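Take a look at the structure below.
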Amino acid sequence: MKRSMKLVTITVVFLLLFSLAGCSSSKQGVNSSSDSAPRLTDQAMEGYYVDAQWLQENLDQVTIVDARADKEYKKGHIPGAVNISWQALSNMQPKQGEPGWGVVLSNEQLSKKLGEFGINGKKDIVVYNDPAGLGEDGRVVWMLRVAGLQNSRMLFGGWPAWQKAGGEETKSIPQVKAVSFSITNPDTSLLATTEYIKANKDKVKLLDTRSPKEFTGKTDHGERVRGHIPGAIHLHYSDALNADGTVKTVDELKDMFAQAGLKPGDEVIAYCTVGIRSGFMTVLLRMCGYENAKNYNASFSEWAGDPNNTIEK
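Numbers 123 to 435, taken from the numbering used here, label the letters of the sequence shown in order.
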């Protein structure tokens, strides 16, 4: 009997130790996940990016914007994040191909819309999306900076980086209190129009940020005709990303732009289908010192929508 009790005692102790070891291992797994999260080490990027650890430490000090689609946002998002898609700040009244489709709202309309989302410009703004998308975080930051909100940045590595860092997730939709906001210092230097491109076609460098198949006219995103604007340089926006969805370093991006034939002093006008991917690329160009970089917001949809405009394939 004593021997039997002794065996039971040893077994119980062993199970307890095993259980504790399992808990310890589980906790270490969370920490190792945090350790494996992308960290922002390039100081040259700090005016445009924050990493997940920084955001965790400053969660209550910033306005967080989730730029993903509504259905993705509802599956889970960063606590307190407001869902603002690029469409919410854009003119979606025209149809694709018609003038003005998908362009950023006028200053008056944009001021009102940002105020409705609780943005007053006083808090820093951090925008995130899924890097598997089309650069929606860059498009939203581009629009915020057009509105003069230079305190807007992106989350390095986006939503996946937040998850890798063990960041809290929620399905709770925050109650947004509308505020009064007025754009007082818009940055129109970030924006190019069809008319501007036609008037300056010999002075600017056009950068097509769509896929190679779109550029060569083998596929489209709903434009009236396929192809590209004559004389455009091609550089797919995804070439700016690493395999894990993080953005390449400034030095790597500068090298990529240089190899494409772009110089920091050039007036580079990026475009895509409707200024999403090119908005993202414009922000990266500005980050790399291309102070004259602009986003052709109406992009190829508007260009191709006019049968009088020339198309190359």
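We put the beta carbon where it would ideally sit given N, CA and C, even for glycine. Bear in mind that the values here come from a model prediction, so they are computed numbers and not experimental data.
Worksheet entry | Neighbourhood of K128 by C-beta, 8 angstroms cutoff - its chain only, sequence neighbours within 5 removed | The sequence position of residue 128 within the sequence shown is 6, counting from 1. Annotation note: pLDDT 43 at K128 (below 50); position unreliable, coordinate value reported separately. Excluding sequence neighbours, K128 sits near nothing in its chain.
Item to complete: Could you have a look at L227 and say whether DSSP puts it in helix, strand or coil?
Response: Sequence index remark: in the sequence shown, residue 227 carries index 105 (1-based). The three-state secondary structure of L227, taken from DSSP, is coil.
Worksheet item: Residue ranges of each alpha helix (DSSP H) run of no fewer than 4 residues wholly in the segment 395–429, ordered along the chain?
Response: Inside the segment 395–429, DSSP marks whole alpha helix (DSSP H) runs of 4 or more residues at positions 399–409, 421–427, from first to last along the chain.
Worksheet entry | Pairwise C-alpha distance: G169 and F278 | Stepping through the sequence shown from its first residue, residue 278 is reached at position 156. Stepping through the sequence shown from its first residue, residue 169 is reached at position 47. A straight line joining the alpha-carbon of F278 with that of G169 spans about 12 angstroms.
Item to complete: For the beta strand (DSSP E) containing T368, list its first residue and its last residue.
Response: If you number the sequence shown from 1, residue 368 lands on position 246. Counting along the chain, no beta strand (DSSP E) covers T368, and no H or E run does either.
Discussion item. Quick check: what's the CA-CA separation for S311 versus K416?
Written reply: Counting from one through the sequence shown, the residue named residue 311 turns up at place 189. Counting from one through the sequence shown, the residue named residue 416 turns up at place 294. So the alpha carbons of these two residues sit roughly 7 angstroms apart.
Worksheet item: Based on Cα-Cα distance, which residue from V390, R261, T306 lies nearest to D64?
Response: The structure shown has nothing for residue 64, since the chain only spans 123 to 435.
Fill in: Cut-off 6 angstroms between Cβ atoms - residues of its own chain near M265, not counting five sequence neighbours on either side
Stepping through the sequence shown from its first residue, residue 265 is reached at position 143. Excluding positions up to five away in sequence, the list reads L211, V226.
Worksheet item: Do Y393 and L313 have their CB atoms nearer than 9 angstroms?
Response: Position 271 of the sequence shown holds residue 393. Position 191 of the sequence shown holds residue 313. No, Cβ-Cβ distance for Y393 and L313 is not below 9 angstroms.
Discussion item. In this structure, how does DSSP classify K376 when only helix, strand and coil are distinguished?
Written reply: As a working mapping, residue 376 is identified with position 254 in the sequence shown. In the structure shown, the three-state DSSP call for K376 is helix.
Worksheet item: Which value, in whole angstroms, describes the spacing of the CA atoms of S268 and A300?
Response: Locating residue 268 in the sequence shown gives position 146, where the first residue counts as 1. Locating residue 300 in the sequence shown gives position 178, where the first residue counts as 1. Sequence check: residue 268 is Val here, not Ser. V268 and A300 have their C-alpha atoms some 21 angstroms from each other.
Worksheet item: Candidates G202, Q165, D428: which alpha carbon is nearest D182's?
Response: Counted from its first residue, the sequence shown places residue 182 at position 60. Ranked by Cα distance from D182, the options G202, Q165, D428 are led by G202.
Practice prompt. Drop a sphere of 10 angstroms on the beta-carbon of N307, count the other beta-carbons inside from all chains shown, and report buried for 16 or more, exposed for fewer.
Written response: Working through the sequence shown from its first residue, we reach residue 307 at position 185. It counts as exposed.
Worksheet entry | Three-way DSSP call (helix, strand, coil) for I319 in this model | To locate residue 319, count along the sequence shown from 1; it is residue 197. Note: I319 maps to helix in three-state DSSP.
Worksheet entry | Cβ-based burial, T395 [other Cβ within 10 Å; buried from 16] | By one-based count along the sequence shown, residue 395 stands at place 273. Counting Cβ neighbours within 10 Å, T395 comes out buried, since at least 16 surround it.
Practice prompt. Count the other C-beta atoms from every protein chain shown that fall within 10 angstroms of the C-beta of T368, then say buried if there are 16 or more, exposed otherwise.
Written response: For the purposes of this step, residue 368 is taken as the residue at position 246 of the sequence shown. Residue environment for T368: buried (at least 16 other C-beta atoms within 10 angstroms of its C-beta).
Worksheet item: How big is the Cα-Cα spacing for N180 and Y418?
Response: The sequence position of residue 180 within the sequence shown is 58, counting from 1. The sequence position of residue 418 within the sequence shown is 296, counting from 1. Inter-residue distance for N180 and Y418 is about 34 angstroms (C-alpha atoms, whole angstroms).
Worksheet item: According to DSSP, what are the bridge partners of Y359?
Response: In the sequence shown, counting from the first residue as 1, residue 359 sits at position 237. Answer is none; Y359 lacks a bridge partner.
Worksheet item: In whole angstroms, what separates the C-alpha of T316 from that of E290?
Response: If you number the sequence shown from 1, residue 316 lands on position 194. If you number the sequence shown from 1, residue 290 lands on position 168. Answer to the nearest angstrom: the Cα atoms are 43 angstroms apart.
Practice prompt. Determine the closest residue to N251 out of F239, G198, N229, with distance taken between C-alpha atoms.
Written response: Locating residue 251 in the sequence shown gives position 129, counting from the first residue. G198 is the residue among F239, G198, N229 whose C-alpha sits nearest the C-alpha of N251.
Fill in: Residue closest to M167, alpha-carbon to alpha-carbon, out of I433, E374, E230
On the sequence shown, position 45 is the one that residue 167 refers to. For the residues I433, E374, E230, the minimum Cα distance to M167 belongs to E374.
Discussion item. Among the candidates T432, S302, E434, whose CA atom is the shortest distance from the CA of Q231?
Written reply: Here the question's residue 231 lines up with position 109 in the sequence shown. Per the Cα distances, S302.
Practice prompt. In the DSSP assignment, find the unbroken beta strand (DSSP E) run with K293 in it and report its ends.
Written response: On the sequence shown, position 171 is the one that residue 293 refers to. K293 -> no beta strand (DSSP E), and no H or E assigned at all.
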